[in-house]
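Those protein sequences? They're chains Y and R, same order as listed.
Under my numbering, the residues of the first sequence are numbered 1 to 326, in order.
Under my numbering, the residues of the second sequence are numbered 1001 to 1384, in order.
Have a look at the structure below, then the notes.
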Amino acid sequence: MAIEKLSLAKAVNEALRSTMEADPKVLVMGEDVGKLGGVFRVTDGLQKDFGEDRVIDTPLAESGIIGTAIGLALRGYRPVAEIQFDGFVFPAYDQIVTQLAKMHARALGKVKLPVVIRIPYGGGIGAVEHHSESPEALFAHVAGLKVVSPSNASDAYWMMRQAVESDDPVIYFEPKRRYWDKAEVDTAAIPGPLHAARVAREGTDLTLAAYGPMVKVCLEAAAAAAEEGKSLEVVDLRSMSPIDFDTVQRSVEKTRRLVVVHEAPVFLGTGAEIAARITERCFYHLEAPVLRVGGMHAPYPPARLEDEYLPGLDRVLDSVDRALAY
Amino acid sequence: MTVESTAARKPRRSSGKRTGTRKTPAAGQPELVQLLTPEGERVEHPDYLIDLTSDELRGLYRDMVLTRRFDGEATALQRQGELGLWASLLGQEAAQIGSGRALRDDDYVFPTYREHGVAWCRGVDPTNLLGMFRGVNHGGWDPNSNNFHLYTIVIGSQTLHGVGYAMGVAKDGADSAVIAYFGDGASSQGDVAEAFTFSAVYNAPIVFFCQNNQWAISEPTEKQTRVPLYQRAQGYGFPGVRVDGNDVLACLAVTRAALERARSGQGPMLVEAFTYRMGAHTTSDDPTRYRAEDERVEWEAKDPIQRLRTYLEKEGFADASFFAELEKESDALAKRVREAVRAMPDPEPMAMFEHIYADGHALVDEERARFAAYQASFADAEGN
């Protein structure tokens, strides 16, 4: 049963189960992760199988969750802490930025902080305020943290296993509107490096770079563009810290055009960094400025407006057309 | 006085051993656990007994004197420009030595940035504490060498780390305990409240040791709380006790009992050591702007070192040669610290790229290489 068709949520669940079986120091902790199995059921069944001592329902206090996870890591545990929703991470932001990110350096390498923070993120599920945000740039900006996001079930499985095995703090952003998307997961495969990008679709005319929930949108955009005779390459970045610029560079040297797509606001976002770096690396290859498609400099809107706010197929293709027009 | 009866309560071994009477607390002030009065009188407390040999008593005195001397030397080194900043513990020696000497080797300490006396008790070389104040590192010692975590500057954060560590101790089935230090200012932080909540819910083997030194930079304790701090514990479901923080015997006895309670599976306890910050918050602070000199003078009469000296001399537990030897030892320590600080080299510029990640990071590698090339670009011009 090495190859199974799993939803993204179930793939994360299987990865957690697998690491917990392999290493008794791995703990799962967070709000409602136990009996309920998490509000998205990502931790479903884990407490039943591993007990309350390893799958810990915590008080509703995010700073407390991360602060105690740090202490557990210092004692030799490998906590996987869940923040229930993207917009709820901020009470823990202080512990993540001032403590978790810096402690290894502060100790001149003498302690390690193997803490994974799982955060369901992004919109598209018709949720109320604070349940649809994409704060990944706020973490990628901080030295000492690693930031990743899978776009599909197979990556969700392997990237979680690798995140738990990492000796560094990893913020693992789960694209919540893709939780129910199924894909084949080969649990016997040999995975590539955690922070390597992947060419999800090959093309020759323009590169679309995206991660997490927007990879699917970009693949759909590439399929639609193909019908119009345009060949788009799609790069799934997978990691926002570090970013695999080499893979993006190779793609752009071939296609000469780049559009970066994410749900997060465009201003000072991941796309801005990629645009600056790729412009520097590929200045003489580029036929057009690097364009970005993403959220507005506005609070995430009420659910009835989110289809307008989130980059969809048409907004991606609009930027593709603009880039191709240069 | 404990809020709840503590499991540390022990039977009085002999009422005949009492060497003094309990003091009546001043009206409106909660009672302090006190075993040695400011006048150097040994008194008894029904809940906290202690019976130390003269060797042990001299040891506590020596710890406090050497800690104060080290601290004073560090202040002087800041004035001489050798340190960028120093946070003095002056006046808090008893709270730190008393609690620090209550610990076992396998216990674990989560300090603030002022626990120089606790570090001393843990065997951390005092010169290790000075790197961050000189600006050559952010701590840098190995926390696991002495079970003494790095200094934490963001106040209160470390109380949660202590609770997490203690949860781990309990999971391991070990009988060690954890002690987390914080101050009256930090008591207002949400992290401290969350640490209390988590520790109580998981029955974590931790002692919260609050040194209420009356001042959070310029803000008196009245700006932090409307109830005595030790009483906060009651709301979380564990005991709290206020101890005379300038009485090393009381701090030792109460912390021992609290640690024993934690070890035996009875969960957390809050100890409020009622003390006074005799100096400035740090060398950058000017307390004359916000507090009256007579308050300081009043606390000077309660000095933790003097009261123990009075007791040692009166009981004949230490003679003139002991004090003379200790004076020499203090001078030697100060000299060693002074020389070590002056010899402490600035780190190499490339050190800023070290230990950011345990498993490496492509961006750090790229920036390190670029910066190295930039540095090297000056080499030829400078004839190197």
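Each residue gets a CB set at the ideal place from its N, CA and C atoms; glycine is no exception.
What you are looking at is a predicted structure, and each value in this text was computed from that prediction instead of being measured.
Would residue i be called buried (16 or more neighbouring beta carbons within 10 Å of its own) or exposed?
| i | result |
| --- | --- |
| V259/Y | buried |
| T1021/R | Interpretation of T1021/R is limited by its pLDDT of 41, a score under 50 that renders its predicted location unreliable; the figure taken from the coordinates is listed afterwards. Result: exposed. |
| T1053/R | exposed |
| K48/Y | exposed |
| T1288/R | exposed |
| E1300/R | exposed |
| D86/Y | buried |
| Y1408/R | Within the shown structure, residues of chain R are numbered from 1001 to 1384, placing residue 1408/R beyond reach of any answer. |
| I243/Y | buried |
| W180/Y | exposed |
| R1079/R | exposed |
| R1277/R | buried |
| A1177/R | buried |
| K1223/R | exposed |
| M1350/R | exposed |
| S134/Y | buried |
| L305/Y | exposed |
| K1335/R | exposed |
| A984/R | Beyond the ends of chain R as shown, which are 1001 and 1384, falls residue 984/R; an answer cannot be given. |
| S1218/R | exposed |
| S63/Y | buried |
| V1118/R | buried |
Would you say residue i faces chain R, with C-beta separation under 8 Å as the test?
| i | result |
| --- | --- |
| H195/Y | yes |
| P59/Y | yes |
| K35/Y | no |
| R106/Y | yes |
| E149/Y | A small fix is needed here, since residue 149/Y is Ser in this sequence, not Glu. Taking Cβ atoms only, chain R never reaches closer than 8 Å to S149/Y, which makes this a no. |
| S134/Y | no |
| V111/Y | yes |
| L16/Y | no |
| T374/Y | Since the displayed chain Y opens at 1 and closes at 326, residue 374/Y lies outside it and no answer follows. |
| P311/Y | no |
Checking contacts by CB at 8 Å: is residue i closer than that to chain Y?
| i | result |
| --- | --- |
| A1358/R | yes |
| V1154/R | yes |
| K1010/R | Here the model assigns K1010/R a pLDDT of 43, short of 50, so the residue's position is not dependable and the matter cannot be decided. |
| G1190/R | yes |
| E1348/R | no |
| P1025/R | Confidence is the limiting factor: at P1025/R the pLDDT is only 47, short of 50, which leaves the residue's position unreliable and the question unanswerable from this model. |
| S1176/R | no |
| Y1165/R | yes |
| S1054/R | no |
| Y1374/R | no |
| A1262/R | no |
| H959/R | Limits of chain R in this structure are 1001 at one end and 1384 at the other, which puts residue 959/R out of reach. |
| S1187/R | no |
| T1310/R | no |
| A1362/R | yes |
| F1445/R | Lying before the first or after the last residue shown, residue 1445/R is absent from chain R, which here runs from 1001 to 1384. |
| G1245/R | no |
| L1333/R | no |
I'd like to know if residue i contacts chain A, where contact means its C-beta is closer than 8 Å to some C-beta of that chain.
| i | result |
| --- | --- |
| P191/Y | Absent here is chain A; the protein component of the structure consists of chains Y and R. |
Decide if the segment 198-213 of chain Y is in contact with the segment 318-325 of chain Y; the criterion is three or more beta carbon pairs, one per stretch, under 8 Å apart. At 8 Å Cβ cutoff, the stretches touch.
Is the segment 1140-1152 of chain R touching the segment 110-124 of chain Y, taking contact as three or more C-beta pairs under 8 Å? Yes: the two stretches touch, three or more of their Cβ pairs being nearer than 8 Å.
Along the segment 64-81 of chain Y, what residues have a CB closer than 9 Å to any CB found in chain R? For the segment 64-81 of chain Y, which is checked against every Cβ of chain R, the residues closer than 9 Å are G64, I65, I66, G67, T68, A69, I70, G71, L72, A73, L74, R75, G76, Y77, P79.
If we count Cβ pairs, one from each stretch, closer than 8 Å, do we get three or more for the segment 252-268 of chain Y versus the segment 293-303 of chain Y? With the cut-off at 8 Å, the segment 252-268 of chain Y and the segment 293-303 of chain Y touch.
Those runs of the beta strand (DSSP E) which lie wholly inside the segment 16-80 of chain Y and span at least 3 residues: Those beta strand (DSSP E) runs which fall completely within the segment 16-80 of chain Y and span 3+ residues are 26-30, 55-57.
Please specify which runs of the alpha helix (DSSP H), each continuous and at least 4 residues long, are wholly inside the segment 1287-1325 of chain R, giving them in chain order. Correct list: 1293-1300, 1304-1315.
Taking a cut of 9 Å between CB atoms, which residues from the segment 1100-1121 of chain R lie near chain Y? Flagged, chain order: Y1108, F1110.
Contact set between the segment 1128-1150 of chain R and chain Y, restricted to residues whose Cβ is under 9 Å from the partner: Answer set for the segment 1128-1150 of chain R: M1132, N1137, H1138, G1139, G1140, W1141, D1142, P1143, N1144, S1145, H1149, L1150.
Length-filtered (3 minimum) beta strand (DSSP E) runs lying within the segment 257-326 of chain Y: 258-265, 291-295, all fully within the segment 257-326 of chain Y.
Enumerate, from N- to C-terminal direction, the unbroken alpha helix (DSSP H) stretches of 4 or more residues contained entirely within the segment 107-154 of chain Y. Restricting attention to alpha helix (DSSP H) runs no shorter than 4 residues, the segment 107-154 of chain Y encloses them at 136-140, ordered along the chain.
Determine which residues of the segment 144-173 of chain Y have a Cβ less than 8 Å from any Cβ of chain R, and write them out in chain order. Listed by position, the residues of the segment 144-173 of chain Y near chain R (Cβ gap below 8 Å) are G144, K146, S166, D167, D168.
Identify every run of the alpha helix (DSSP H) within the segment 1056-1091 of chain R, keeping only runs that are complete inside it and at least 4 residues long; order them along the chain. Runs of alpha helix (DSSP H) with 4 or more residues, each lying fully within the segment 1056-1091 of chain R, are absent.
Please identify, using Cβ separations under 8 Å, the residues of the segment 83-95 of chain Y that lie next to chain R, in order along the chain. Against chain R - using a Cβ distance shorter than 8 Å - the residues of the segment 83-95 of chain Y are P91, D94, Q95.
Identify each residue in the segment 42-54 of chain Y for which the Cβ-Cβ distance to at least one residue of chain R is less than 8 Å, and report them in chain order. Result list: D53.
Within 8 Å, do at least three Cβ pairs link the segment 1099-1118 of chain R to the segment 1172-1187 of chain R? Note that the segment 1172-1187 of chain R touches the segment 1099-1118 of chain R; at least 3 beta-carbon pairs, one per stretch, sit closer than 8 Å.
Is the segment 1244-1261 of chain R touching the segment 1200-1216 of chain R, taking contact as three or more C-beta pairs under 8 Å? Touching, yes.
With a cut-off of 8 Å, do at least 3 Cβ pairs link the segment 309-321 of chain Y to the segment 274-285 of chain Y? As far as the Cβ criterion goes, the segment 309-321 of chain Y does not touch the segment 274-285 of chain Y, which means the pair count is below three.
Going along the chain, which residues of the segment 231-242 of chain Y sit with their C-beta nearer than 8 Å to a C-beta in chain R? Answer in chain order: S241, P242.
Give a yes or no on contact between the segment 1307-1324 of chain R and the segment 1053-1070 of chain R, applying the rule of three or more CB pairs nearer than 8 Å. Enough Cβ pairs lie closer than 8 Å, so yes.
Indicate whether the contact test is met: 3 or more Cβ pairs, each with one atom in the segment 1073-1091 of chain R and one in the segment 1268-1283 of chain R, closer than 8 Å. Proximity of the segment 1073-1091 of chain R to the segment 1268-1283 of chain R meets the contact definition, three or more beta-carbon pairs being nearer than 8 Å.
At least three beta-carbon pairs within less than 8 Å, the segment 146-156 of chain Y to the segment 170-179 of chain Y: The answer is yes - the segment 170-179 of chain Y touches the segment 146-156 of chain Y, with three or more Cβ pairs under 8 Å.
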